[in-house]
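Quick mapping for you: the protein sequence lines, in order, are chains A and B. First residue of the first sequence? That's 10 in the working numbering, and the numbers climb one at a time after it. First residue of the second sequence? That's 23 in the working numbering, and the numbers climb one at a time after it.
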Amino acid sequence: MSAAPAAVATHGEAEIKINRLWLFAAGAAVVVNGMFPALWVLLTSLKTEGELTRVPISYLPQDPTFQNYLTAFAAQPLARFFFNSVVVAGLSTVLTLLVSAFAAYAIARLRIRWKNVILSAIVAVSMFPLISLMVPLFQTMRALGLLNTYLALILPYVVLNLPVCILILVSFFSAIPRDLENAAMIDGCTRLGALFRVVLPLTAPGVFTAGIISFVNAWDEFLLALSFTSSMQMRTLPVGITLYQGEFAFPWPIISAALIVAIVPIAVVIVIFQERVVSGLTAGGVKG
Amino acid sequence: MGSVSIRKVVKSYGAVPVIHGVDLEIREGEFVVFVGPSGCGKSTLLRMIAGLETITGGEIAIDGKVVNDLPPRARDIAMVFQDYALYPHLSVRENMGFGLKLRGTPAPEIEARVGDAARILKIDHLLDRKPRQLSGGQRQRVAMGRAIVRKPKVFLFDEPLSNLDALLRSEVRTEIKKLHQHLKSTIIFVTHDQVEAMTLADRIVVLKGGHIDQVGPPDTIYNAPATQFVAGFTGSPPMNFLPAELTDTHIRFENGQSLAIPDQRRPRGLPSGSRVVFGIRPEHVSRADGAAQLDMPVTLLEPLGSDTLAFLSVGEREIVGRFVPELAPRPGETARISIDMRKYHLFDQDHGRAVGSLDG
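Dropping the structure here:
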């Protein structure tokens, strides 16, 4: 009697162990694949050009130097690029969250006809390849006189990030019981007040997730940033970093240093919010 | 405290009408219970008073002021929801003070009023907890506390007891009644449970299919139901019904058995030969001597401890009688059963309206 359940238990435990091994291996593969290039860039940024091209190759910098960072800031207005990126990514994220919160709330809550059609249309719009939007967007921006301004990037970034943010927030808002808002409105809130005082605090993981996605997308965007800004003063980091390469020279260590300057802040932001973002990506669909 | 006037109120969702012209006057300080089966419109009506549903037609006034176009926050009402609707991110104290804070009440006064309400509801030791750390009964008390601190004109309760287990339900029910006696405020309470309606209400409003079937104090609803629906909705087990034909002196059932009608309880305005539904409550089916009697086969007993329910056959139909356990008939036997003909009811077979002017 007692032997059989014990055998089953051992079998089960072994299975769990094997499953965990697989999970660990898969996780390790993902981490190495993602981390190795970043790590290599970091190591490169600490080497001299001479060490980088030396054979045999040295993995760790033999004589670590921060000179590349100083050069990166001196050779190009890297601080300005950084500032521009912060402004463009930051403002577009705030705007995206505001607009997508209203849109998602309307879709999740109001009695609207064709709700699913509207959602599908939003998803469909997000499928257009960016390159196909370039020419019309460029002409629009030129007509509006917005080329070479922050708005030339902020407005398209907001529009591009809206669909995914709306989708995330709709699923979060739908999970909030309506009576919570009803209670808030009886207690003295307007509908907007209920959204800001009750719904948004309760869906914070979703808001953070949407915010991070939209910030990272804007921070990394290259194509529009290259096309819609031509003045040095308006360049963002991804475009600015390409300027280090000369006609015949690729100063890899300096480019690497600039890359690290671009990567670190976003990594820090994600580490700070990672717990909320992880719970945001997994929760929401399920009530909880 | 306030009165509520509901005048010719209609509600439709698109082309589908759900409330068909309801008229009702609720007096200041009155405890009114809306009761009815699901889909009867009781919650919709409550939500229209709250301002959570728009009013398609007619008028709702609170304290004489028409509120049709006022948002919920401007109606000076408080509501307790079925699933509590406590703000999960706020502490009990913040939950209860939320409405006062929004209205700009000074912090010391909020603190005092929250403290008072918490003491009344015996939740003063829970003020710093979050809703998820509370049991169902405690959550419901916090929800009531959130309503009390506002001192609104009208309290609205939307099935507040249905998520509680049976024991807790009767406990909180008693507390709500005590609360009403203490606060003397106007309360509108929605439930599908006739026991809650009977025990709590000053007046019961029985709703069916978006109409009011009857309005009255619990004893009127119980003893003088205006329709077969109301009669069948109240009491546990509910009233027994048997199709019958009226003769000059008797009520004759489908199987040929008949009961003599006492002179003082002769139905008025119904000609001999009228087809009616005969109604009798289980407690008026007994083994007492001297009353009108019928021989009925006993199919089943349900002992409840204090008394025993017996299922009795009348031809193809079945009725339930409530007996003192010692006097209960035995299953399988054909027992001589007394029907208290001072307490019978007659209903129209087509519309279910009480007929024969038997009440009062």
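Quick reminder that beta carbons are idealized off the backbone N, C-alpha and C, glycines included. Since the structure is predicted, the reported quantities are computational estimates derived from the model, not experimental observations.
What is the DSSP secondary structure of residue i, reduced to helix, strand or coil?
i, result
"V182 (chain A)", "Sequence inspection shows Phe at residue 182 (chain A); the Val mentioned does not correspond to that position. Of the three classes helix, strand and coil, the one that applies to F182 (chain A) here is helix, per DSSP."
"S27 (chain B)", "strand"
"K87 (chain B)", "strand"
"D229 (chain A)", "helix"
"F257 (chain A)", "coil"
"T249 (chain B)", "strand"
"H111 (chain B)", "coil"
"S296 (chain B)", "coil"
"S65 (chain B)", "helix"
"S135 (chain A)", "helix"
"R287 (chain B)", "helix"
"I66 (chain A)", "coil"
"K144 (chain B)", "coil"
"E181 (chain B)", "coil"
"K173 (chain B)", "coil"
"A23 (chain A)", "helix"
"S240 (chain A)", "coil"
"Q371 (chain B)", "coil"
"A38 (chain A)", "helix"
"I82 (chain B)", "strand"
"A332 (chain B)", "strand"
Could you tell me the alpha carbon to alpha carbon distance between residue i and residue j, rounded to whole angstroms?
i, j, result
"L233 (chain A)", "L169 (chain A)", "11 Å"
"W228 (chain A)", "V95 (chain A)", "8 Å"
"G301 (chain B)", "A376 (chain B)", "10 Å"
"V151 (chain B)", "A81 (chain A)", "Per the sequence presented here, residue 151 (chain B) reads as Arg, with Val not at that position. Roughly 53 Å between the two C-alpha positions."
"D91 (chain B)", "A152 (chain A)", "45 Å"
"D188 (chain A)", "V320 (chain B)", "49 Å"
"V40 (chain A)", "F103 (chain B)", "48 Å"
"R135 (chain B)", "V164 (chain B)", "13 Å"
"Y114 (chain A)", "R200 (chain A)", "10 Å"
"V176 (chain B)", "I71 (chain B)", "10 Å"
"A37 (chain B)", "G202 (chain A)", "32 Å"
"A140 (chain B)", "L112 (chain B)", "16 Å"
"E284 (chain A)", "V216 (chain A)", "13 Å"
"G293 (chain A)", "T256 (chain B)", "Unreliable placement is indicated for G293 (chain A), whose pLDDT of 40 sits below 50; the coordinate value is still reported in the next sentence. So the two alpha carbons sit approximately 43 Å from each other."
"G137 (chain B)", "A37 (chain A)", "55 Å"
"F263 (chain B)", "A184 (chain A)", "46 Å"
"I163 (chain A)", "A110 (chain A)", "18 Å"
"A248 (chain B)", "L148 (chain B)", "46 Å"
"G291 (chain B)", "G378 (chain B)", "6 Å"
"K33 (chain B)", "C198 (chain A)", "25 Å"
Within 10 angstroms of the Cβ of residue i, are there 16 or more other Cβ atoms? Answer buried if so, exposed if not.
i, result
"T383 (chain B)", "Any property of residue 383 (chain B) remains undetermined from this structure, which presents chain B solely from 23 to 382."
"Q250 (chain B)", "buried"
"Q162 (chain B)", "buried"
"A100 (chain B)", "buried"
"E52 (chain B)", "buried"
"M10 (chain A)", "Residue confidence for M10 (chain A) is low, a pLDDT of 41 falling below 50, so the modelled location carries little weight; the figure read from the coordinates is stated next. Exposed is the call here."
"Y68 (chain A)", "exposed"
"K56 (chain A)", "buried"
"A23 (chain A)", "exposed"
"D196 (chain A)", "buried"
"I27 (chain A)", "exposed"
"M414 (chain B)", "Any question about residue 414 (chain B) goes unanswered here, given that chain B covers just 23 to 382."
"K2 (chain B)", "Beyond the ends of chain B as shown, which are 23 and 382, falls residue 2 (chain B); an answer cannot be given."
"N277 (chain B)", "exposed"
Which residues bound the beta strand (DSSP E) around residue i?
i, result
"P325 (chain B)", "314-325"
"M194 (chain A)", "Element bounds for M194 (chain A): not the beta strand (DSSP E) but the alpha helix (DSSP H), 187-196."
"F82 (chain A)", "Here F82 (chain A) belongs to no beta strand (DSSP E); instead the alpha helix (DSSP H) covers 76-84."
"G43 (chain B)", "38-48"
"R168 (chain B)", "Not the beta strand (DSSP E): R168 (chain B) falls in the alpha helix (DSSP H), residues 158-170."
"T213 (chain B)", "208-213"
"T356 (chain B)", "356-361"
Over the uninterrupted alpha helix (DSSP H) stretch that includes residue i, give me the two end residues.
i, result
"V99 (chain A)", "One point to set straight first is that residue 99 (chain A) is Gly, not Val, in the sequence displayed. 87-118 is the extent of the alpha helix (DSSP H) around G99 (chain A)."
"T196 (chain B)", "188-205"
"M220 (chain B)", "216-222"
"L268 (chain B)", "Note, L268 (chain B): premise wrong, no alpha helix (DSSP H); beta strand (DSSP E) at 262-268."
"A96 (chain B)", "Neither: A96 (chain B) is in no alpha helix (DSSP H) and is coded neither H nor E."
"V207 (chain A)", "That residue, V207 (chain A), is in no alpha helix (DSSP H); it is neither H nor E in DSSP."
Does any residue of chain E have a CB that is nearer than 9 Å to the CB of residue i?
i, result
"M101 (chain B)", "Within the model displayed, chain E is absent; protein chains A and B are what it includes."
- Message: Measuring CB atoms only, is the region 235-247 of chain A touching the region 112-121 of chain A, in the sense that at least three cross pairs come out at less than 8 Å?
- Response: no
- Query: If we count Cβ pairs, one from each stretch, closer than 8 Å, do we get three or more for the region 348-368 of chain B versus the region 233-244 of chain B?
  - Reply: no
- Message: Taking 8 Å as the cut-off, does the region 127-140 of chain A touch the region 253-272 of chain A (at least 3 CB pairs, one atom from each stretch)?
- Response: no
- Check whether the region 265-276 of chain A touches the region 68-78 of chain A, counting contact only when three or more Cβ pairs, one atom from each stretch, lie closer than 8 Å. Yes, the region 265-276 of chain A is in contact with the region 68-78 of chain A.
- Message: Is it the case that the region 212-231 of chain A contacts the region 100-111 of chain A, given that we only count it when at least three CB pairs across the two stretches are under 8 Å?
- Response: yes
- Message: Can you confirm whether the region 207-223 of chain B touches the region 52-71 of chain B when touching is taken to mean that 3 or more C-beta pairs between the two stretches lie within less than 8 Å?
- Response: yes
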